[in-house]
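Report on one structure; see the data block that follows.
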Amino acid sequence: MTLDPIDYAVISQSLQAAAREMGVKLIRSAYSTILREARDGSAALLDRDGNVVAQAELIPMQLGPIGATIKPCLEMHPADTLQEGDFFINNDPFAGGQHLQDVFIFTPIFVAGEVVGFSASVAHHLDVGGGSAGLTAEATDVIAEGLRIPPSCWNMQKDWNGGRLERLVAHNIRVPDQTIGDFNAQFAANAMGAARVRQLCEKYGVAAVKETMRELLDYSERRVRAAIAKVPDGTYHGEALLDDDGIGEEAIAIRCRLTIAGESVSIDFEGSAPQVGRNINCPFSSCISAALSAVKSVLTSPDIPFNEGLKRPIDVTAPYGSIVNPKPPAPVRARMLSAYRAYDAVMMALAQAVPEMVPALGYNTTTVTCLAHMGENGYAVHLEPMGGGFGGSRTTDGCDGVDNGLSNCANTPVEALDAGYDFFRVHSYELAPDSFGHGAHRGGAGFYRRYEILKDGVTFSMYADHFRHPAAGLAGGSPGTLGHARVLRAGAVIELRSKSANPVKKGDIVEVLLGGGGGYGSPALRDPRDIERDVADGLLRPETARRLYRRPEAAE
């Protein structure tokens, strides 16, 4: 059919608006702080073939490979075999998923008995079973990390709302009220998206909506190809290091070879380390998402829709059995750590191709902390993802104390934690002075989060990185600063490993420092007014300013 340009504009923007509305519904309906406050969830609309058409601007890591997550479901249960009330569910890291805590739910959208597309949501769930509450730091395989739900089809009337799937999930998790509540938030978000698509079909016709979906994919592809075509052809290399695997002390390298050829990009992670025995392995779908996010953030405009069309010019490969494409049953809970190093490696390769467009690296690691306590009324689990400082760029300083590009989560407000938990409280929460890389444009500052433990029998678990290898600076800027975790106990300081589980006692202070981003450009070129502002704000100590930003003429 020939699609009217005005109808296309209205329908395409309506689809995007519907995806955003789904995202709002998901967050506002959530029970747990990790979804309600940290916003660790996402929503999208897909066509009937499982191609992402529109998505909410929430978590890039979760949405980049969502098409790959639904494909195993469609292979087992084609769209034409589905009935009203059916839904897909998948959290299997080795069948298109990511890690077990990110559970994907897909709801078919029926119009006059025909499936015209799918509404989709994903949420990071507070607990999905496994060896320890919230986070099993010592897991040696994915089985120990929790309940794995393979790509499968269920029915809302038969299997949820007291049905067999809901009972199965509730019996295998420690905080069923919050987890089942977050599942229901996903169903609510999907219902919202489905209703909006049906309204568009009723107003403009199914054929027009389907054609708009196809054109949206083609539009993103055309714009991405045009952006890639402006980059000089060639092969570029990047490398980034993980501190360790959580057991030994040796750094783990992730390498990529990025090739620009006309309007296409190929990214090969050959040469990356083999998979390891702890949970930092990165499922291939997460590796793809990291690579796509790096390319899109550097080479394309923010207004290009992140849908399946964006992927068409970009090919990503990684050796099977490597840390960025592990074989089952490798543990993958902390896959964000290796995904961020894949992202960093691609950014370093792009810095060779288009140096003026790439910022210094930020404190690119999702530091996840988990505080858990077993009380008289069962488990209480607090899980929180946090970031550090962004990297500086050619034109601006890095942002202070925010999550970084792949995860994009919010820091959980202190008030929400005080209201929700009685076995700890936030002792202090503050930006850390001198915690960024220096340059003409400095990196973003990191921050401290300190928890006071109020009861005995609490476990503090975490996974983090950048405790040994800081975020790199660019163009003469200095690296960012390292993070740390420690327990302050009766005058003693107990240093914690970045990937560990630790019993803590009443009265302990658990201190987590998230480091800063790398600087961009020579510190000698920094505007004196910016230096004075940082000193006045308490982000830069006066003695540090005198030592690092001393100009040549001042030294004479």
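Under our numbering, the first residue of the sequence shown carries the number 173, and numbering increases by one thereafter.
In this text, a Cβ means the ideal position worked out from N, Cα and C, and glycines have one as well.
Subject >> P557 in three-state terms, based on DSSP >> reply: On the sequence shown, residue 557 is found 385 positions in, with the first residue counted as 1. Strand at P557.
Original post:
Can you name, in chain order, every residue of its own chain whose Cβ lies under 7 Å from the Cβ of F282, other than the five neighbours on each side?
Top reply: Looking up residue 282 in the sequence shown gives position 110. Same-chain partners within the cutoff: E256.
Original post:
Quick check: the segment 445-456 against the segment 496-509, are there 3 or more CB pairs under 8 Å?
Top reply: Of all C-beta pairs linking the segment 445-456 to the segment 496-509, three or more are shorter than 8 Å, placing the two stretches in contact.
Subject >> Rounded C-alpha distance that separates P724 from A521 >> reply: Residue numbering aside, residue 724 sits at position 552 when the sequence shown is read from its first letter. Residue numbering aside, residue 521 sits at position 349 when the sequence shown is read from its first letter. Annotation note: pLDDT 43 at P724 (below 50); position unreliable, coordinate value reported separately. Rounded to whole angstroms, P724 to A521 spans 33 Å at the Cα level.
Subject >> Simplified DSSP state of V314, which is helix, strand or coil >> reply: Locating residue 314 in the sequence shown gives position 142, where the first residue counts as 1. Looking at V314 - three-state DSSP - the assignment turns out to be helix.
Original post:
Can the beta-carbon of G609 be found closer than 8 Å to that of A636?
Top reply: On the sequence shown, position 437 is the one that residue 609 refers to. On the sequence shown, position 464 is the one that residue 636 refers to. Contact flag unset, no.
Original post:
What's the C-alpha gap between G418 and R669?
Top reply: On the sequence shown, residue 418 is found 246 positions in, with the first residue counted as 1. On the sequence shown, residue 669 is found 497 positions in, with the first residue counted as 1. Computed Cα separation, rounded: 8 Å.
Original post:
Straight-line CA distance for D390 to G547?
Top reply: For the purposes of this step, residue 390 is taken as residue 218 along the sequence shown, with counting starting at 1. For the purposes of this step, residue 547 is taken as residue 375 along the sequence shown, with counting starting at 1. If you take the alpha carbons of D390 and G547, they lie about 55 Å apart.
Original post:
Which residue from K677, A673, Y692, G534 puts its Cα closest to that of G611?
Top reply: Position 439 of the sequence shown, counting from 1, holds the residue named residue 611. Of the listed residues, the one whose Cα sits closest to G611 is Y692.
**OP:** Please determine, among V598, G559, P527, the residue with the shortest C-alpha to C-alpha distance to A167.
**Re:** It is not possible to answer for residue 167, since the shown part of the chain is limited to 173 through 728.
Subject >> Contacts around A443, its chain only, beta-carbon distance under 6 Å, and the 5 residues preceding and following it disregarded >> reply: Locating residue 443 in the sequence shown gives position 271, where the first residue counts as 1. Note on identity: in this sequence residue 443 is Gly, with Ala being the wrong assignment. When the five nearest sequence neighbours on each side are left out, the beta carbons in the same chain lying within less than 6 Å of the beta carbon of G443 are those of R427, in order along the chain.
Original post:
Whose C-beta lies closer than 7 Å to the C-beta of V403 among residues of the same chain, with five residues either side of it excluded?
Top reply: What you label residue 403 is simply residue 231 of the sequence shown in a count that begins at 1. Once the five neighbours on either side are set aside, the close Cβ partners of V403 are I432, L471, A525, V526.
**OP:** Within its chain, find whatever has a CB closer than 6 Å to the CB of T308; leave out the 5 residues flanking it on each side and keep chain order.
**Re:** By one-based count along the sequence shown, residue 308 stands at place 136. Excluding sequence neighbours, T308 sits near G302, A316, E317.
Original post:
Just the Cα atoms here: how many angstroms apart are H656 and A604?
Top reply: To locate residue 656, count along the sequence shown from 1; it is residue 484. To locate residue 604, count along the sequence shown from 1; it is residue 432. Each residue's Cα considered, the two are about 12 Å apart.
Subject >> The beta strand (DSSP E) enclosing I261, as first and last residue numbers >> reply: What you label residue 261 is simply residue 89 of the sequence shown in a count that begins at 1. Going by DSSP, I261 is part of the beta strand (DSSP E) stretching over 258-262.
**OP:** For P232, name the three-state secondary structure that DSSP assigns.
**Re:** Counting from 1 along the sequence shown, the entry for residue 232 is found at position 60. When DSSP states are grouped into helix, strand and coil, P232 belongs to the helix group.
**OP:** Could you round the C-beta distance between M233 and S494 to whole angstroms and report it? I think they count as a contact, below 8 Å.
**Re:** For this step, residue 233 is matched to residue 61 along the sequence shown. For this step, residue 494 is matched to residue 322 along the sequence shown. The distance from the Cβ of M233 to that of S494 is about 19 Å, inconsistent with a contact at the 8 Å cut-off.
Original post:
Which value, in whole angstroms, describes the spacing of the CA atoms of G153 and L340?
Top reply: With the chain running from 173 to 728 in the structure shown, residue 153 is simply not present.
Subject >> Inter-stretch contact (C-beta, 8 Å, three-pair minimum) for the segment 625-636 and the segment 692-711 >> reply: Segments in contact, no.
**OP:** Confirm, please, whether the CB-CB distance from I476 to E435 is below 8 Å.
**Re:** Counting from one through the sequence shown, the residue named residue 435 turns up at place 263. Counting from one through the sequence shown, the residue named residue 476 turns up at place 304. When the beta-carbon positions are compared, E435 and I476 stay at least 8 Å from each other.
Original post:
Quick one: is H554 buried, meaning 16 or more other Cβ sit within 10 Å of its Cβ, or exposed?
Top reply: Reading the sequence shown from its first residue, position 382 is the one you call residue 554. Taking every protein chain shown into account, the CB of H554 has 16 or more other CB atoms within 10 angstroms, so this residue is buried.
**OP:** Tell me, please, whether the CB atom of S473 is closer than 8 Å to any CB atom in chain C?
**Re:** Looking at the structure shown, chain C is missing, and only one protein chain is on hand.
Original post:
Do you know offhand how far S457's Cα is from Q270's?
Top reply: As a working note, residue 457 is residue 285 in the sequence shown. As a working note, residue 270 is residue 98 in the sequence shown. When rounded, the distance between both Cα atoms is 7 Å.
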